[in-house]
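Just so we're aligned, residue 1 is where the sequence shown starts under full-length UniProt numbering, counting upward by one.
Glycine included, C-beta positions come from ideal geometry on N, C-alpha and C.
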Amino acid sequence: MILGVSEWLSGKLGWDVSFIRVAFVVSVLLFGVGIGLYLILWLVKMFSN
Numbered sequence: 001m002i003l004g005v006s007e008w009l010s011g012k013l014g015w016d017v018s019f020i021r022v023a024f025v026v027s028v029l030l031f032g033v034g035i036g037l038y039l040i041l042w043l044v045k046m047f048s049n
């Protein structure tokens, strides 16, 4: 856990946190968009509280 995005997103979507973490890793390795998406979701998380 770096910024808590996966845990926050799993609570919002009702999905398993492991699935979300694997999806982020796969998106970084295959598409290269995972890091940007992760940072955008971190900003959304920070401003939604």
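{"Check": "Ordered list of alpha helix (DSSP H) runs contained in the UniProt domain \"Phage shock protein PspC N-terminal\" (1 to 44), each at least 4 residues", "Outcome": "5 to 13 and 17 to 30"}
{"Check": "Rounded straight-line distance, which links the Cα of S48 to that of F19", "Outcome": "23 Å"}
{"Check": "Close-in-space but distant-in-sequence residues of the same chain around V22 (CB under 8 Å, 5 per side omitted)", "Outcome": "none"}
{"Check": "Within 7 Å, strictly: CB atoms of V17 and Y38", "Outcome": "no"}
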